Amino acid sequence: MSKQGNLSIHSENIFPIIKKWLYSDHDIFVREIISNACDAILKFRKLCDMGETTDETQTPFEVTVTVNEKESTITVSDNGIGMTEEEVEKYITQIAFSGAEDFLNKYQDKMDKEQIIGHFGLGFYSSFMVADTVEIDTLSYTGAPSVHWSCDGGTTYELSEGKRTTRGTDIILHVTEESKEFLNFYTLSSTIEKYCNFMPVPIYVVDANKETTTSAEGEENTVETPKPINDPIPLYTKKPSECTHEEYKTFYSKTFMDYNEPLFWIHLDMDYPFNLKGILYFPKLHNEYEMVEGKIKLYNNQVFVADNIKEVIPEFLLLLKGIVDCPDIPLNVSRSFLQNDGFVKKISDYITKKVADKLISLYKKELDHYKSCWDSISPFIKYGCLREEKFSTKMKDYILYKTIDDEYITLNDYLEKVKDTNENKVFYVSDKEKQSQYVTMFKENNLSAIYLTHPIDSSFISHMEMQNKDVKFMRIDADISSALKEENTAIDTAKEEKLNTLFTSILNNDKLKVKLETLKSQTVPSMLLISEESRRMQEMMKLYGMDTNGMPPSEATLVLNENHPLITALSTKDLDEHTKELACKHLYDLALIANQSLSADAMQAFLQRNNELLMALLNK
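Take the sequence shown: its position 431, counting from 1, is numbered 412 in this note's numbering, and each next residue is one higher.
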């Protein structure tokens, strides 16, 4: 048997779905209802501008939200375009018929699309997520009779003559018992601030149950002028040339409740091939935890959408704080999530490019300021280079490195500086304290090294070596520069072999390489050199959760300084076996400590030997 038929959708089936599942958060009704009110005002204002009508009342355009906890109602009032009975039936009773879209189609030749907030015509029904009954009282600008509409959340509604006498619309929500928290004035106000902070019409919040105080006899009665809860003309909607440094700082502290001044900012202002405005701030980071604690707010026509949407904001920029407003951004029906669209990638690429351009501009025009910010911004720049090839290509010549002499220089500058001593080798310090011995030796011999102490630097080093094939990064304890050695000195191979045998036998480590060198420094008896490859392998093992604490590196070389009296004594004096053992183990541990932390057992043995040495000195 074969049949053909038509799919049918009944409102009694789909309405509960819309009420319960269209929006992920119940508080989002605030955004939807208030944005509809703003739309109504923007439409009327546009009609006035086009000469289609006149505003005879000349009253300021505004949205008023009145919360009445005693009556369990929230009323959203506007003095916008209003609706006729026909329009109520068209836009309210027909689900997903957007009045904004209809208005745009009618006047598309006379206005810009982005000026109206609404898109889908479903936002009104979000009110039923928190209300069991919703009323509409509206009066159209056309002079048509006022209209009253009410619905208890079912599939039937009542339509009658309204009571409103002035142009505009009242939406009255009779809040359910489960949603009573929204009847609290401060809860509702903070929710409105979250979603409506930058809506283009002033929004006032009124507590209907707030008691008014009267002045005592003889005292002047002062009335506080109400202030809108939102900022209808936020800074990011202005041209960069219209904004001062102080305004940028004030906007930052007010928007993000951060009273530390930002390092700098980027003002985004684009109208082709898509509309995008915003401001990205570079906060001063105080610890590594803040790396994941940035907040970039995404807006659509000054209506809040979400925080930190990774499809729009490149991942490496999420530590920043800022506002991005894009009317063209493709949203799903609930205006809460992005649709999978290649257009979003273009927006992300644009933001990445603007960030790179700003950083390069700072380097070229404000180098001192760029250097002063470097320690705070370098982690995210390096992360960006690892994640975004285009960003890496643009930034590679503007990445700074801090030297052990507290200079900030580029890689090319460093390579030029060291070409006579260690050509194409970049010595770096990963731990200032542990590698201080090596740093001191470098400084004493006028050698240069750079600090790479952030966790991300381990991966960044490999990335830079891939970009610069002839350049090799080596930790400061991975090799001895020729500049640290005495010139024209020959090593006594017999002495070297004797010491090698002595140390490997006492330490019971036949894999340890022992090398005798004549260093210029006479204060350093021993050094442990770990090959760069071996150490990077250990770091990779740590990355994958393998315990390497106390594990001796597979490719380690113990360098003994022939210029130090302790080494001379070990190779020439007739010492007893116990003294030799103490000395060899102590010299090895001292060298090891400069590279890594000792295991618990190794540290205990080290401390015990220290006690033995002290007792030996006291008994002499």
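Glycine residues also receive a C-beta, built at the ideal position from the N, C-alpha and C atoms. Model, not experiment: these values are computed from the prediction.
Counting only residues of its own chain and dropping the five nearest sequence neighbours on each side, residue 372 has a CB closer than 7 Å to the CB of 333, 337, 365 and 366. Bounds of any alpha helix (DSSP H) do not take in residue 110, whose DSSP letter is neither H nor E. In the DSSP assignment, residue 168 falls within the unbroken alpha helix (DSSP H) covering 166 to 177.
Shown here, residue 411 sits in coil according to DSSP, grouped into three states, outside any helix or strand. When DSSP states are grouped into helix, strand and coil, residue 338 belongs to the helix group. The segment 351 to 413 is shown to contain whole beta strand (DSSP E) runs of 3 or more residues at 381 to 384, 389 to 391 and 406 to 410, in chain order.
Going by beta carbons, residue 111 and residue 248 fall outside the 7 Å limit. Beta-bridge analysis with DSSP links residue 151 to 58 and 118. Residue 262: member of the beta strand (DSSP E) spanning 257 to 263, first to last residue. Annotated as distal: residue 253 and residue 243, with beta-carbon spacing of 7 Å or more.
In the structure shown, residue 562 falls within a helical segment according to DSSP collapsed to helix, strand and coil.
Secondary structure note for residue 25: it is in no beta strand (DSSP E), and the uninterrupted alpha helix (DSSP H) holding it is 10 to 30. Beta-bridge partners assigned by DSSP to residue 47: 56 and 187. Out of 29, 448, 27 and 497, the CA that lies nearest to the CA of residue 470 is found in 497. Residues 392 of the same chain have their beta carbon placed closer than 8 Å to that of residue 449, with the five preceding and five following residues left out of the count.
Per DSSP, the continuous beta strand (DSSP E) segment holding residue 248 begins and ends at 245 to 251.
For residue 36, the CB contacts under 7 Å within the same chain, skipping 5 residues up- and downstream, are 29 in chain order. In this chain, the beta strand (DSSP E) harbouring residue 279 covers 276 to 281. Within the same chain, Cβ atoms closer than 6 Å to the Cβ of residue 114 are found at 133 and 155, the five residues on either side in sequence being excluded.
When DSSP states are grouped into helix, strand and coil, residue 64 belongs to the coil group.
Unbroken beta strand (DSSP E) runs of no fewer than 3 residues, entirely contained in the segment 442 to 468, are found at 453 to 456, following chain order. Secondary structure note for residue 487: its alpha helix (DSSP H) is the uninterrupted segment 474 to 487. In the three-state DSSP reduction, residue 129 falls in the strand class (E or B).
For residue 234, the uninterrupted alpha helix (DSSP H) run begins and ends at 226 to 237, by DSSP. With contacts defined as CB atoms closer than 7 Å, residue 385 and residue 430 qualify as a contacting pair. Residue pairing of residue 140 in beta bridges, as defined by DSSP: 130. Rounded to the nearest whole angstrom, the C-alpha separation of residue 142 and residue 123 is 16 Å.
In this structure, residue 259 lies away from residue 149, with their beta-carbon atoms at least 7 Å apart.
Residue 574 carries a helical assignment under DSSP once its states are collapsed to helix, strand and coil.
When the Cα atoms are used, residue 224 and residue 236 turn out to be separated by approximately 16 Å.
Relative to residue 250, the option among 218, 128 and 43 whose CA is nearest is 218. Here residue 186 really is in contact with residue 169; their C-beta atoms are around 7 Å apart, less than 8 Å. Looking only at 398, 264 and 457, the smallest Cα-Cα distance to residue 361 is reached by 264. Contact annotation: residue 480 and residue 495 have beta-carbon atoms nearer than 7 Å. The C-beta separation of residue 44 from residue 53 comes to about 21 Å, leaving the pair out of contact by the 8 Å criterion. Per DSSP, the continuous alpha helix (DSSP H) segment holding residue 424 begins and ends at 417 to 425.
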